[in-house]
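Residue numbers (this note's numbering): 2 to 344.
Structure, rendered in structure tokens:
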């Protein structure tokens with residue numbers, strides 16, 4: 002019996018163009034669902050994996066990036082209950098976790114140190130089909146827009162998880178640093194909660210989107226930012242979505258005593274931190290990583306009720322490398338989303 006094939010963009014070497022070719026189609030193993038993808042977003046985490054900044058202990062075969070998928074169930078593996086063929090499904094970052102560590106037991110599986118991710122540890126969504134663990138799959142309404150919903154599977158839930166980690170409530174002031182896809186989702190989520198959001202970015206076009214999406218104020222990053230922010234009463238919370246250390250001094254200068262700083266971007270370089278400042282202010286500094294399954298259910302419900310918006314640029318699978326290059330250069334006009342042809 003001939004092996005079924007599918008079109009996929011395969012990592013041939015770190016930093017090299019992805020190879021779009023036919024590869025064997027996966028099956029639905031035990032506990033898994035096979036998904037025919039309709040769309041898959043391209044995330045900045047994909048850039049880090051593509052460049053080799055983030056590497057798995059053992060590369061998947063084939064090495065297919067992508068963890069923001071939306072599609073339909075086409076096959077159900079042994080032992081799976083509660084799913085039917087034809088249901089609409091989301092493919093998130095988490096493929097599975099150990100389900101045994103303290104983080105998993107406490108409902109914080111996004112911090113599981115033994116997690117496996119789509120597009121990093123197992124083949125991901127830059128392909129027409131992907132196998133997902135049924136316990137971590139995301140059930141979606143049948144009428145969702147695949148292009149608008151795909152980025153919610155990572156960028157949306159990461160932004161939501163960051164808002165939750167920041168602990169902001171109605172009437173508080175939140176500074177959002179970096180208004181790419183994640184930052185714009187965070188602006189919307191916080192604004193819907195009644196939070197006073199100040200959006201910060203170097204790109205006026207992104208700040209215009211932030212204003213339209215609910216930011217009460219905007220600030221252009223650059224010279225004088227720290228002084229301008231310090232003139233405000235101060236922020237109860239600040240979230241950094243910008244993949245740079247350049248925002249750190251402004252974050253520290255703008256946060257109120259007992260404020261909360263949340264790191265949401267993958268920034269590998271160190272930043273200065275004076276412990277005496279922590280003892281004097283009681284500021285809390287923490288990090289966030291994607292989101293939990295409960296947070297995913299909550300953000301999907303929010304999106305279904307009132308879609309979370311982001312500028313979307315639809316592309317073909319053949320343009321995946323171009324999208325990665327644009328993201329690395331900081332020239333992405335919005336969220337790149339691959340659309341797959343029906344078939």
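From the three backbone atoms N, C-alpha and C, an ideal C-beta is built for every residue, glycine too. Values in this document were obtained by computation on a predicted structure and should not be read as measured data.
Beta-carbon contacts of residue i that lie in its chain and below 6 Å, excluding the five residues immediately before and after
{"i": "residue 333", "result": "327"}
{"i": "residue 321", "result": "10, 19 and 127"}
{"i": "residue 384", "result": "One cannot answer for residue 384 here, as it falls past the ends of the chain, which runs 2 to 344."}
{"i": "residue 86", "result": "74"}
{"i": "residue 305", "result": "142"}
{"i": "residue 251", "result": "226, 227 and 230"}
{"i": "residue 37", "result": "72, 73, 75 and 130"}
{"i": "residue 162", "result": "289, 292 and 296"}
Extent of the continuous beta strand (DSSP E) run through residue i
{"i": "residue 255", "result": "Not the beta strand (DSSP E): residue 255 falls in the alpha helix (DSSP H), residues 249-255."}
{"i": "residue 23", "result": "20-25"}
{"i": "residue 11", "result": "6-11"}
{"i": "residue 62", "result": "Per DSSP, residue 62 belongs to no beta strand (DSSP E) and is neither H nor E."}
{"i": "residue 314", "result": "313-316"}
{"i": "residue 285", "result": "285-288"}
Bounding residues of the alpha helix (DSSP H) (the contiguous stretch that carries residue i)
{"i": "residue 307", "result": "It is not in any alpha helix (DSSP H) - residue 307 carries neither H nor E in the DSSP assignment."}
{"i": "residue 328", "result": "321-329"}
{"i": "residue 176", "result": "From DSSP, residue 176 is part of no alpha helix (DSSP H) but of the beta strand (DSSP E) over 174-178."}
{"i": "residue 159", "result": "156-167"}
{"i": "residue 282", "result": "276-282"}
{"i": "residue 111", "result": "No alpha helix (DSSP H) holds residue 111; DSSP gives it neither H nor E."}
{"i": "residue 152", "result": "No alpha helix (DSSP H) contains residue 152, which DSSP labels as neither H nor E."}
Proximal residues to residue i (C-beta, below 7 Å), its chain only, five neighbours per side dropped
{"i": "residue 343", "result": "none"}
{"i": "residue 311", "result": "152, 182, 185, 186, 335 and 336"}
{"i": "residue 268", "result": "244, 245 and 246"}
{"i": "residue 53", "result": "15 and 16"}
{"i": "residue 29", "result": "35, 76, 77, 78 and 132"}
{"i": "residue 164", "result": "187, 190 and 191"}
{"i": "residue 99", "result": "105, 113 and 115"}
{"i": "residue 125", "result": "65, 66, 67, 68, 119 and 131"}
{"i": "residue 109", "result": "293"}
Residues bridged to residue i [DSSP beta-bridge criterion]
{"i": "residue 130", "result": "37"}
{"i": "residue 91", "result": "71 and 139"}
{"i": "residue 337", "result": "314"}
{"i": "residue 42", "result": "338"}
{"i": "residue 1", "result": "Past the edges of the chain, shown from 2 to 344, lies residue 1, and the structure says nothing about it."}
{"i": "residue 119", "result": "123"}
{"i": "residue 76", "result": "35"}
{"i": "residue 97", "result": "117"}
Residues of its chain near residue i, where Cβ-Cβ distance is below 8 Å and the 5 sequence neighbours each way are ignored
{"i": "residue 205", "result": "221"}
{"i": "residue 325", "result": "19, 43, 47, 48 and 51"}
{"i": "residue 2", "result": "Note that residue 2 scores a pLDDT of 39, beneath 50, so its modelled location is shaky and nothing firm can be said."}
{"i": "residue 155", "result": "42, 44, 46, 68, 69, 93, 94 and 291"}
{"i": "residue 260", "result": "235, 236, 237, 238, 239, 282, 284 and 285"}
Is there contact here, the stretch 71-87 with the stretch 27-38, by at least three beta-carbon pairs under 8 Å? As far as the Cβ criterion goes, the stretch 71-87 touches the stretch 27-38, which means the pair count is three or higher.
Pairs of beta-carbons, one from the stretch 102-113 and one from the stretch 45-54, closer than 8 Å: are there three or more? No: fewer than three Cβ pairs fall under 8 Å.
Where are the beta strand (DSSP E) runs, 3 residues long or more, that stay fully inside the stretch 192-271, in chain order? With a minimum length of 3 residues, the continuous beta strand (DSSP E) runs that stay inside the stretch 192-271 are 197-202, 218-221, 236-241 and 256-264.
Across the stretch 270-288 and the stretch 211-219, are there enough close Cβ pairs to call them in contact, namely three or more that are closer than 8 Å? Fewer than three beta-carbon pairs drawn from the stretch 270-288 and the stretch 211-219 are found closer than 8 Å, and the two stretches are therefore not classed as touching.
Between the stretch 220-239 and the stretch 195-203, can you find at least three pairs of beta-carbon atoms closer than 8 Å? Short answer: they touch.
Between the stretch 135-153 and the stretch 165-178, do at least 3 Cβ pairs fall closer than 8 Å? Too few Cβ pairs lie closer than 8 Å, so no.
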